[in-house]
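Residue numbers (the working numbering): 196 to 429. The next block holds one structure in the form of structure tokens; read it before the comments.
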Ligand SMILES: [Ca+2]
Ligand SMILES: [Ca+2]
Ligand SMILES: [Ca+2]
């Protein structure tokens, strides 16, 4: 019981060592040289052996270039710009986890592999954009309430709450509301939904905005709608 109590403390405060697997977190776009951890101390491999060294197992793995591993000390830091959105491992993923193996060895017989699981934390460094500034849509006045019309949504490469999460129509007196469904590639399906019957003789066009709601940005998408006469079948 005491052991699990101790482990719980470690899980909260320090990189976790479990079967020589180390878990680290680092934010994308962190400055070069930002220290992520120390393999030697985090894996309890510190020693006075001056021949001890720490190297990436697969030097040809392109992910190793993102990090700098100090061969003699085991210090792990940011080696080059890490852009979460351009990492193929992280595209379409809400969690961006990179796996790397480190070999710890000395001139004698000591040889141990340590697995690194490095979570790249997202930051809000992309603004959502609509593919067009405005769209013209023609709708028959005979359209039934509940009829929906697809429009192109905004794209934001960030994940989760740093991306676009909702839309709304302004002004709210417009006969349309908006439905929103998110796709895994960061795009979205947005549909205008007719909430009220249209009467061309009372009002033959509407101009309103669809606004995308974003954690920091509020952008505007203009939409012009003209009402076509209803088609009657004789
Ligand atoms: Ca980025
Ligand atoms: Ca980002
Ligand atoms: Ca964003």
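Think of the CB as a built atom: it goes at the ideal place given N, C-alpha and C, for glycine as much as any other residue. Computed from a predicted structure; not experimentally measured.
| Asked | Found |
| --- | --- |
| Those residues, in chain order, that have a beta-carbon closer than 5 Å to some heavy atom of ligand 3 | 319, 321, 351, 353 and 357 |
| Exposure label - residue 358; buried when at least 16 CB within 10 Å | buried |
| Helix, strand or coil at residue 372 according to DSSP, with G and I counted as helix | strand |
| Residue 383, buried or exposed, once every other Cβ within 10 Å from all chains shown has been counted against 16 | buried |
| Cut-off 8 Å between Cβ atoms - residues of its own chain near residue 198, not counting five sequence neighbours on either side | Because residue 198 carries a pLDDT of 41, less than 50, the predicted location of this residue cannot be relied on, and the following value inherits that uncertainty. Excluding sequence neighbours, residue 198 sits near nothing in its chain. |
| Host alpha helix (DSSP H) of residue 237 (start-end) | 234-237 |
| Best match in 344, 237 and 277 for proximity to residue 311 [C-alpha to C-alpha] | 237 |
| Residues near residue 428 by beta carbon distance below 8 Å, same chain, minus five either side | Model confidence at residue 428 stands at a pLDDT of 46, short of 50, so the residue's coordinates are unreliable and nothing is read from them. |
| Local Cβ density within 10 Å of residue 150, reported as buried at 16 or more and exposed below that | Since the first and last residues shown for the chain are 196 and 429, residue 150 lies out of range. |
| Strand pairing of residue 310, partner residues [DSSP] | 216 and 296 |
| Spatial neighbours of residue 202 in its chain, beta-carbon cut-off 7 Å, leaving aside the 5 residues before and after | Confidence is the limiting factor: at residue 202 the pLDDT is only 37, short of 50, which leaves the residue's position unreliable, though a coordinate-based value still follows. Cβ within range, chain order: n/a, list empty. |
| Separation of residue 315 from residue 283, as counted between CA atoms | 13 Å |
| Collapsed DSSP secondary structure at residue 347 in the structure displayed | strand |
| Distance CB(residue 354)-CB(residue 323) smaller than 8 Å | no |
| Proximal residues to residue 302 (C-beta, below 7 Å), its chain only, five neighbours per side dropped | 246 |
| Residue 352, buried or exposed, once every other Cβ within 10 Å from all chains shown has been counted against 16 | buried |
| C-beta contact flag for residue 271 and residue 298 at 8 Å | no |
| Check: residue 278 C-beta below 7 Å from any heavy atom of ligand 1 | yes |
| Supposed contact pair residue 369 and residue 403 - C-beta distance, whole angstroms, cut 8 Å | 4 Å |
| Own chain residues within Cβ distance below 6 Å of residue 436, not counting five before or after | Summary: the structure shown does not reach residue 436, with the chain confined to residues 196 through 429, and so no result is reported for it. |
| Range covered by the beta strand (DSSP E) that runs through residue 398 | Counting along the chain, residue 398 falls outside any beta strand (DSSP E), and DSSP gives it neither H nor E. |
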